[in-house]
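If you read the sequence shown in our numbering, its first letter stands for residue 2, the second for the next number, and so on. Right, one structure below, let's go through it.
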Amino acid sequence: MFKKYPVLKWILIVFGSAIVLLFAFGWWFISLLPLEEIGVDISTTQVSDLPYLSEDVQPSRGKILAIVTSTATMGNTDKSTGYELTELSRAYYVFQANGFEVDIASPLGGEPPVVIDDDDMGKYDHAFLNDSIAQYKVKHSIPVKDINPEEYEAVFFAGGKGAMFDFPENKDIQYIVRHLYQSNKVVGAVCHGPAALVNVTLDTGRSLLENKKVSSFTNDEELLLIPDAETIFPFFLQDKLVAQGARFNEGAMYLKNISRDKNLVTGQNPWSTWELAETMIATLGYTPKYRKITAEENAMKVLIAYETDGAKKAKELIKQILIIEKKPLNRQLIASHSVIAIMRGGIGRFFSLVSLTSYAKSQSKNI
């Protein structure tokens, strides 16, 4: 047959070779991931296992209110949603470790829907799930209509796509934000949490957001994961913030990014939560308690170095973190950004980030 159709022979050879190469590359790519760490069971982590929470207990400094969404589905679709667990758990523990009691509220009260992304779960997030006090608070969240804002030093709005549906038009949320902001207390929000700010009008009659530097989940981040987002959400959060007069601070896609404008603190995405919560503590007038930086945060530093200064600087930072400082580094997160690059059509960026992941693996062997 091949003698009769020689072109077919070469097509099969090329096609077969491509499959073999693709399989080999996929196997090699998987080998770059820290499989020995991924397989470690941290699901039983307790608060007592985390020195940041159990040691050097800070004096009581008042209360902070955390508000999460009550929305379980996105608009008229069957897509499930809720609040992002990691955005609540990490902020909750930063506030608690720095001496603040945390109350949890939601538009409807009771047990709000939650989104748990297993790939993003760390020790603090599992500890939150195993924390009987935290779980009681979140499963019996206070209806926002019953909140007296005078009891709190700050309010924090966790993200989750559900916030786009029940935060913007809620008059009780608007009242809480307006009261705390005008009382020179702290208002914080991360990812989709800034949806709580879009319709807040101050006593002056002006929008809270007018000429404020803010960050939130961006249009590009939204559309990458949900191409039909425009038909699902009531608005794009970035566009709405800008329409209300905000000076939008857009960072690199899926990298941490914080904006602080006086007593208003906002963050772009889930990876911004740690820094946002600690920035809120600083804005309240306290030096944030020392916290051992997580492997995920160190990977975020590397990715930011790559974004701003290129691969060479990123590799220097990897060596600094792993060899000199002997700190943990989550190379799985670096690898995930190479996948994001492919999704955006960035072939060169994909291979560059894969190379960075490979370098991180080689350096980890030298520890």
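All C-beta atoms in this analysis are idealised placements derived from N, C-alpha and C, irrespective of residue type, glycine included.
Where does residue i sit, in a helix, a strand or coil, going by DSSP?
i, result
"K107", "In the sequence as presented, Lys is not what sits at residue 107; that position holds Ser. Residue state, collapsed to three classes: strand."
"L334", "helix"
"R62", "coil"
"T202", "strand"
"Y255", "coil"
"L22", "Any answer about L22 is weak, because its pLDDT of 38 lies below 50 and its placement is not dependable; what the coordinates show is given next. Helix, per DSSP."
"L238", "helix"
"I324", "helix"
"S356", "helix"
"S49", "helix"
"F166", "helix"
"F218", "coil"
"A361", "helix"
"I227", "coil"
"L209", "coil"
"V178", "helix"
"F30", "Residue placement at F30 is poorly supported in this model, since its pLDDT is 46, which falls under 50; the coordinates still yield a value, given next. Of the three classes helix, strand and coil, the one that applies to F30 here is helix, per DSSP."
"G189", "strand"
"G268", "strand"
"Y307", "helix"
"T70", "coil"
"A159", "coil"
Under a Cβ-count criterion, where at least 16 other Cβ atoms within 10 Å of its own Cβ denotes burial, should residue i be classed as buried or exposed?
i, result
"F405", "The structure shown does not extend to residue 405, since the chain is modelled only from 2 through 368, so no value can be given for it."
"Q81", "The question names Gln, but residue 81 is Ser in the sequence shown. Result: exposed."
"N200", "buried"
"R261", "buried"
"T72", "buried"
"F352", "exposed"
"Q333", "buried"
"R91", "buried"
"E222", "buried"
"T358", "buried"
"K366", "exposed"
"P60", "exposed"
"E56", "exposed"
"K257", "buried"
"D167", "buried"
"L226", "exposed"
"T205", "exposed"
"P228", "exposed"
"E170", "exposed"
Between which residues of its own chain and residue i is the CB-CB distance below 7 Å, once the five residues before and five after are set aside?
i, result
"A283", "P289"
"G123", "T295 and E297"
"L51", "K124, Y125 and A128"
"I322", "N299, K328 and L330"
"I43", "K124 and H127"
"G194", "F158, A159, G160 and A164"
In its own chain, which residues sit with a C-beta less than 6 Å from the C-beta of residue i, not counting the 5 before and 5 after it?
i, result
"V355", "S339"
"A1", "Any question about residue 1 goes unanswered here, given that the chain covers just 2 to 368."
"F234", "M165"
"V187", "A155, N264, M281, T284 and L285"
"L318", "V303 and A306"
"A253", "E308"
"K138", "I105"
Closer than 8 Å: is that where the CB of residue i sits relative to any heavy atom of the ligand ADP?
i, result
"L225", "For the ligand ADP, the structure offers nothing, since it holds no ligand at all."
Between residue i and residue j, which are expected to be in contact by the criterion C-beta below 8 Å, what is the C-beta distance as a whole number of angstroms?
i, j, result
"G110", "P144", "3 Å"
"S142", "V69", "7 Å"
"V191", "A159", "7 Å"
"Q239", "N220", "5 Å"
"R207", "Y53", "So it is not a contact: roughly 40 Å between Cβ atoms."
Apart from the five residues just before and just after residue i, which ones in its own chain have a Cβ nearer than 8 Å to its Cβ?
i, result
"I259", "S216, V266, T267, G268, Q269, S273, E276, L277 and T280"
"L210", "L198, V199, V201, L242, Q245, G246 and A247"
"E88", "A159, G160, G161, V191, C192, G194, P271 and T274"
"L203", "R179, Y182, Q183 and L209"
Segments assigned beta strand (DSSP E), at least 3 residues, entirely inside the stretch 92 to 153: Restricted to the stretch 92 to 153, the beta strand (DSSP E) segments that are unbroken, complete and at least 3 residues in length are 101 to 107, listed in chain order.
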